[in-house]
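Undergrad: I am attaching a structure below and will ask some questions about it afterwards.
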Amino acid sequence: MHFPESLSEAPLRILVVDDEPAMCALIKIILQREDRQVITAPGGVEGLRRFQQQPFDLVITDRAMPGLGGEELARAIKNQSPHTPIILITGLMSAVVDPTPFDGFLAKPFTGAQLHHLVAASLSDSLTVSHRS
48 MHFPESLSEA
58 PLRILVVDDE
68 PAMCALIKII
78 LQREDRQVIT
88 APGGVEGLRR
98 FQQQPFDLVI
108 TDRAMPGLGG
118 EELARAIKNQ
128 SPHTPIILIT
138 GLMSAVVDPT
148 PFDGFLAKPF
158 TGAQLHHLVA
168 ASLSDSLTVS
178 HRS
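In the numbering used here, the protein residues as written are 48 to 180.
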């Protein structure tokens, strides 16, 4: 199964932020199967730094991370780039304080198909919003 790409021919660039290296590696493997360019960051501070250094089509972040958590990271990214879709991955959906900065949510544990579906939906919604702007 192949999921839609953006209007350009370049692979989509996705930033994955999680303080668990195994989770970053798993998400990267899943997304690279669909020809996505995946950059990982081991926490919120590093994720924000990488986002500020280069453009990304999508950000996927864990919620609970030491230092800069996923909710704070999402707000910082949306302040800089309001149309960049952000997916929150968490094991504690009930602990999400502010759902506003997120374009999608995925509960742990999740399947590769669930991740692909949410990524495709978030990117599709993002293309629709950015074309209206």
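Glycine included, every Cβ here is placed at the ideal spot set by N, Cα and C.
When we look at the beta-carbon of threonine 158 and count the other beta-carbons within 10 Å, is it buried (16 or more) or exposed?
TA: Threonine 158 comes out exposed.
Undergrad: With H, G and I counted as helix, E and B as strand and the rest as coil, what does DSSP make of glycine 114?
TA: DSSP places glycine 114 in coil when its eight states are reduced to three.
Undergrad: For glycine 151, which residues does DSSP report across the bridge?
TA: Bridge partners of glycine 151: Ile134.
Undergrad: For glycine 94, which residues from the same chain have a beta carbon less than 8 Å from its beta carbon, with the 5 sequence-adjacent residues on both sides left out?
TA: Excluding sequence neighbours, glycine 94 sits near Leu62, Val64, Ala88, Val106, Thr108, Leu115 and Leu120.
Undergrad: Note down, in chain order, each residue of its chain lying with its Cβ closer than 8 Å to the Cβ of glutamine 99, except the 5 sequence neighbours on either side.
TA: The answer, listed in chain order, is Gln127.
Undergrad: Counting C-beta neighbours from all protein chains within 10 Å, is the total for leucine 170 16 or more, i.e. buried, or is it exposed?
TA: Per the 10 Å Cβ criterion, buried.
Undergrad: Drop a sphere of 10 angstroms on the beta-carbon of arginine 110, count the other beta-carbons inside from all chains shown, and report buried for 16 or more, exposed for fewer.
TA: Buried, by the Cβ-count rule.
Undergrad: Any idea which residues DSSP pairs isoleucine 46 with across the strands?
TA: Nothing can be reported for residue 46, as the shown portion of the chain is limited to 48 through 180.
Undergrad: Report the three-state DSSP secondary structure of leucine 139 (helix, strand or coil).
TA: DSSP places leucine 139 in coil when its eight states are reduced to three.
Undergrad: Roughly how many angstroms lie between the CA atoms of glycine 90 and proline 68, to the nearest whole one?
TA: If you take the alpha carbons of glycine 90 and proline 68, they lie about 10 Å apart.
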